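For the sequence shown, the working numbering assigns the number 917 to the last residue and increments by one with no breaks.
Virtual Cβ for every residue (Gly too), placed ideally from N, Cα, C.
Since the model is a prediction, treat every value here as computed from it, not as a measurement.
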Amino acid sequence: MFSNPLADRRRKAGLVAGTAAFALAAAVLGAASPAMAAPASPLQVFMEGASATFDPANAVTAGWWGHEGAGRTDSSFFSLDGKGSAASATPTSLAAQLAKIGPDAASDGSNVFVAYVTTSADGSAEKPTISAGETVGQAFGWFDGSTFDGALSGNSAANDYVDTVSTDASYTAWHNAGSPVVGYDASLTPIDAAAPGAPPSGAHALGKSILNNWPAGANISLVYYVSNATAANGEPIVQAGADGKAETAWMPFTTVAMPTDHSRDPINTAYPASYDTLRTSAGYVVSGAVAPTVKLKDSWSGTAGTLTATITDSTTGVTLTNATGSVQFMGRSVNATGGAFSDIGSPVTVTAAGTAAMPITGLVGGQFQEFEAVYTPDAAASSTYKSSPPSNVDQAFAPYATSTGVAVAGTLRVPYQQTVTATVAATGTTATGTVTFKDNGVTIATVALASGHASFAKAFGLGTHSIVAYYNGAAGIAPSSSGARAFTVAKAIPSITPVLSVAPSRLVHGMRPTLSVYVKAPGLVPTGTVTLVIAQPNGKVLTVRLALRSGKVAYVLPGLLHGTTKITIKYSGSTLVNAAAKAYAFAAR
């Protein structure tokens with residue numbers, strides 16, 4: 329670590345129970361909401377007053393270096409979100425959060441230091457590419473030797489300077505001059521405090537007070553960076569990650585001058601106007617470093633459309649659920665690819681999900697309209713986010729309306745092969761794409777359209793069916809669905825054919841012919857049983873039950889008697905074939 333004569337002004341802070349942070353008076357800085365992670369920063373960095381709790385709920389979003397709180401006596405603690413998803417910050421959760429800065433960050437943050445850089449629009453200044461041996465002053469511009477959990481403390485003296493901010497050049501000059509003890513006079517001029525007469529430091533001044541290092545209104549980022557080595561002059565060398573960039577997290581802010589009405593002067597002191605006017609960067613207001621990006625898309629339900637704007641992080645693309653405010657939707661004239669955008673209605677409030685929606689009206693099939701949207705933060709988000717630039721143009725095409733019908737053709741008895749056909753009619757064009765068929769709510773086929781028709785054949789099971797065809801839509805063509813086509817598939821109807829092994833005209837008393845019974849059904853071979861009820865001429869009745877084999881049974885009749893023999897043939901039926909019966913008779917001489 330490098331030594332700095334201001335170390336006595338930086339108090340370490342452990343994990344302490346949370347205390348509310350003080351916000352600046354509205355007359356000076358306006359109301360401010362809790363700070364959020366700057367776009368592209370891997371975690372939320374913030375300042376706290378009174379103590380460091382590592383809880384974002386206690387973040388100071390508008391404060392004064394070394395003089396936080398209503399009494400102007402609280403220190404400014406360098407903090408960050410040490411909770412993550414935990415209920416409160418613990419050493420374990422803090423270590424996990426610090427690891428988001430980079431793999432080289434120590435679990436206790438002992439090698440995480442503070443630097444300052446002019447805020448960049450894309451985070452490149454806050455996370456620069458690092459050359460071997462590059463020091464903090466070379467990489468970022470300003471630094472002060474603080475660690476992330478240190479603190480800046482001021483006092484009520486006329487020469488109160490709170491902290492010294494160095495550049496690479498000023499730190500090197502100070503080191504080469506023998507590292508003289510640093511102090512300041514009442515004009516915030518650096519002096520060699522231990523030298524006789526305490527003369528001005530001049531060219532070898534360590535740096536400037538943080539209270540006047542920048543003009544008011546400067547956009548600066550406070551950066552936490554990792555360092556595991558120092559240069560020959562003691563200045564920290566910035567650690568680079570595997571991607572060659574510094575391992576960092578940061579908080580953008582805007583500098584604020586001390587009010588000239590003495591409202592922020594130390595209590596019970598009386599200083600000239602110069603005390604205030606000298607301190608051009610005594611305060612800070614946390615601000616978003618990058619305006620969010622609005623992603624705009626359209627969606628359709630039939631021919632009713634909706635524009636949806638999603639507020640996202642400009643670098644990561646993550647949806648920002650804390651970007652409260654409104655979105656103004658704008659559109660060009662229908663079917664125009666150039667010309668001015670005009671406001672569509674009033675601004676739409678952003679939801680808790682980070683989105684805003686606007687219905688699309690006035691378009692008919694085949695027409696299009698180009699839209700854009702601009703996000704504007706409300707008061708609560710204004711310290712975190714800026715207004716967005718107009719979104720990329722979304723060209724919304726109104727789809728052609730469609731209607732879908734479905735028909736079922738073929739026998740509704742076993743064999744149960746049916747052909748299902750959907751017809752899709754589109755207004756002003758020919759429908760393309762696919763149709764999904766559902767039977768009793770279950771998908772049974774998806775078929776591509778050909779000239780507006782989609783067909784398939786299927787053997788439906790026995791029972792009741794309800795077919796609905798869903799046209800899935802295509803580019804510029806709206807989806808639609810048919811009504812239900814209900815039908816019932818019934819069992820097959822069999823035929824029974826009895827055949828004697830001897831021609832009936834040749835039957836004589838005592839003969840024992842064979843009776844064969846054939847049971848047939850369309851498209852299948854019936855199974856089950858056949859029962860023969862044989863009524864002989866002498867009044868006796870014989871019943872025989874036989875199992876079908878390949879749709880046939882055969883039975884050798886008892887010796888024939890003179891007269892007419894009557895036989896009732898009963899087929900039992902099966903799961904696919906109905907039961908049936910047939911009467912058969914013959915006479916023997």
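So for residue i, helix, strand or coil by DSSP?
i, result
"P384", "helix"
"H890", "coil"
"P705", "strand"
"G358", "Any answer about G358 is weak, because its pLDDT of 32 lies below 50 and its placement is not dependable; what the coordinates show is given next. The answer is coil: DSSP assigns G358 none of H, G, I, E or B."
"R834", "helix"
"L606", "helix"
"G901", "coil"
"A531", "helix"
"A802", "strand"
"A601", "helix"
"F405", "strand"
"Y728", "strand"
"W542", "coil"
"Q567", "coil"
"F350", "Low local confidence applies: a pLDDT of 25 at F350 is under 50, so the model's placement there is unreliable, with the coordinate-based value given in what follows. It is coil, neither helix nor strand."
"E454", "coil"
"Y489", "coil"
"D589", "coil"
"Q864", "coil"
"I824", "strand"
"M364", "Its pLDDT being 43, under 50, M364 is placed unreliably in this model, and the coordinates cannot settle the point."
"V881", "strand"
"L343", "At L343 the pLDDT is 29, less than 50, meaning the model places this residue with poor confidence; the figure from the coordinates comes in the next sentence. Note: L343 maps to coil in three-state DSSP."
"I672", "coil"
"A907", "coil"
"F374", "strand"
"P518", "strand"
"T665", "coil"
"V509", "coil"
Judging by CA-CA distance, which residue of the options is the nearest neighbour of residue i?
i, options, result
"A734", "K848, V763 and G530", "Here the sequence assigns Val to residue 734, which means Ala is not the residue at that position. Residue V763 is the option with its Cα nearest to V734."
"W578", "I565, Y553, H590 and G572", "Y553"
"V748", "T730, F788, G690 and S731", "F788"
"A909", "P580, S379 and Y846", "Y846"
"T370", "V884, G430 and T683", "One detail in the question is off: residue 370 reads as Pro in this sequence, not Thr. Minimum Cα distance to P370 is reached at G430."
"P718", "G572, V702 and A729", "V702"
"A560", "G461, A875 and S731", "G461"
"F699", "G659, S809 and V752", "G659"
"A797", "K786, G791 and A782", "A782"
"A632", "G756, Y728 and A570", "Y728"
"Y883", "P832, S900, G666 and L828", "L828"
"T475", "N439, F669, V655 and G693", "N439"
"F725", "S794, W628, T751 and S716", "W628"
"G437", "I688, G410 and S459", "G410"
"T492", "T447, I895 and W542", "W542"
"W819", "P826, Y799, G653 and P854", "With the sequence shown as reference, residue 819 is identified as Lys, and Trp is not the correct amino acid for it. Nearest of P826, Y799, G653 and P854 to K819, Cα basis: P854."
Could you spell out the range, first to last residue, of the alpha helix (DSSP H) harbouring residue i?
i, result
"G391", "Unbroken run through G391 is the beta strand (DSSP E), A390 to W392; no alpha helix (DSSP H)."
"P419", "P419 to L426"
"V464", "V464 to F468"
"W502", "D496 to N504"
Provide the residue(s) that pair with residue i in DSSP beta bridges, ordered along the chain.
i, result
"H793", "F815"
"N547", "T582"
"Y912", "I895"
"F784", "V748"
"V622", "I639"
"T764", "T774 and Y798"
"M686", "L635"
"G653", "P705"
"P854", "Looking at the DSSP assignment, P854 forms no beta bridge with any residue, so it has no partner."
"V734", "A750"
"A443", "F471 and V551"
Verify the CB distance criterion: does residue i have a CB-CB separation below 7 Å to chain B?
i, result
"K910", "Checking the listed chains, one finds no chain B in this structure; it contains a single protein chain."
Got a sec, what are the start and stop residues for the beta strand (DSSP E) residue i sits in?
i, result
"W578", "T576 to V584"
"K848", "T842 to K848"
"V742", "From DSSP, V742 is part of no beta strand (DSSP E); its letter is neither H nor E."
"L870", "V869 to A875"
Between the segment 797-816 and the segment 829-839, can you find at least three pairs of beta-carbon atoms closer than 8 Å? no
Counting beta carbon pairs with one atom in the segment 540-550 and one in the segment 415-432, are three or more of them shorter than 8 Å? no
Quick check: the segment 400-408 against the segment 468-488, are at least 3 beta-carbon pairs closer than 8 Å? yes
Does the segment 849-869 come close enough to the segment 891-899 that 3 or more CB-CB pairs lie under 8 Å? yes
Does the pairing of the segment 526-537 with the segment 560-577 give three or more beta-carbon distances under 8 Å? no
If we count Cβ pairs, one from each stretch, closer than 8 Å, do we get three or more for the segment 560-569 versus the segment 448-463? yes
Could you tell me whether the segment 515-524 touches the segment 582-590, where touching means 3 or more Cβ pairs closer than 8 Å? no
So does the segment 797-806 actually touch the segment 871-885, counting three or more Cβ pairs closer than 8 Å? no
If contact is defined by three or more beta carbon pairs under 8 Å, each pair taking one atom from either stretch, is the segment 632-648 in contact with the segment 677-692? yes
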